[in-house]
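Q: Take a look at the following structure, please.
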């Protein structure tokens, strides 16, 4: 079974600075998808960014980018120019492209943004 | 922009009672999911549903749980006899097609079992 590990329970960043959240995963599959979800205090799950495993190019969405290292099974999220509204819980998630479509989530990282 | 809705936002029930959590997925979506998140813990998959049947379920999804799409728009999760440990946030999600990867999440229902 696939597992997702987020080793940083909590991170802090100064407003306008850059922060990187770590995620590693374990799988024997070669075709899969990876996601970062943001969960603000409202607890709504909001998709931040996605990465297809077959794509070598790292995904980017405005201030959010990933560093996808397939061989190392690593999928980190970089937030540039951090804003107060970025403060939230961030979950890394894995989705197989074979069989079931469920998302497997990591334990999450709380991001605090200091003004 | 279409969104997944869930009702109620908060449900309080007594242990042993039945609860039904309701979700209205985005209208042209075909794949439906329930996840739960116990306070302070990770989000866990419960069940996926496609073509009017369960396509996958987790170990958590035992005989006390059931899902239904009764009228082509609602997608419900029923817990027959609630336990204290069922207290959690329950999220519904939907996805339009097999080739589309993103699951769209609803705002969640907070279930409190007393």
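Protein chains in written order, with the numbering used here: chain A, 3 to 117; chain B, 41 to 154. We treat Cβ as the ideally placed atom computed from N, Cα and C, and that holds for glycine.
(1) For residue 26(A), which option in 100(A), 55(A), 7(A) has the closest C-alpha, if you only look at C-alpha atoms?
(2) Secondary structure at residue 19(A), three-state DSSP: helix, strand or coil?
(3) Could you check the C-alpha separation between residue 35(A) and residue 52(A) for me, to the nearest Å?
(4) Under 8 Å, do residue 153(B) and residue 124(B) count as touching if we go by C-beta distance?
(5) Under 8 Å between beta-carbons, which chain A residues line up against residue 147(B)? List them in chain order, please.
(6) In whole angstroms, give me the CA-to-CA distance for residue 155(B) and residue 151(B).
(7) Just confirm the distance between the C-beta atoms of residue 37(A) and residue 97(A), as a whole number of angstroms; I'd bet it's less than 8 Å.
(8) Nearest-angstrom Cα distance between residue 76(A) and residue 86(A)?
(9) With DSSP as the reference, label residue 151(B) as helix, strand or coil.
(10) Cα-Cα, which of 64(A), 54(A), 82(A) is closest to residue 70(A)?
A: Straight from the coordinates:
(1) Taking the first chain and counting its residues from 1, one reaches residue 26(A) at position 24. Of the listed residues, the one whose Cα sits closest to residue 26(A) is 7(A).
(2) Position 17 of the first chain, counting from 1, holds the residue named residue 19(A). Three-state DSSP puts residue 19(A) in coil, outside helix and strand.
(3) Walking along the first chain from the start, residue 35(A) turns up at place 33. Walking along the first chain from the start, residue 52(A) turns up at place 50. About 7 Å.
(4) One-based indexing of the second chain puts residue 153(B) at position 113. One-based indexing of the second chain puts residue 124(B) at position 84. Closer than 8 Å, so yes.
(5) Taking the second chain and counting its residues from 1, the one referred to as residue 147(B) is at position 107. In chain order: 44, 45, 46.
(6) The question about residue 155(B) has no answer, for chain B in this structure spans 41 to 154.
(7) Residue 37(A) sits at position 35 when you count from the first residue of the first chain. Residue 97(A) sits at position 95 when you count from the first residue of the first chain. Their Cβ separation, rounded to whole angstroms, is 7 Å, which keeps residue 37(A) and residue 97(A) in contact under 8 Å.
(8) If you number the first chain from 1, residue 76(A) lands on position 74. If you number the first chain from 1, residue 86(A) lands on position 84. Cα-Cα distance, rounded: 27 Å.
(9) The residue given as residue 151(B) occupies position 111 in the second chain. Reduced to three states, the DSSP call for residue 151(B) is strand.
(10) Position 68 of the first chain holds residue 70(A). With distances taken between Cα atoms, residue 70(A) lies closest to 54(A).
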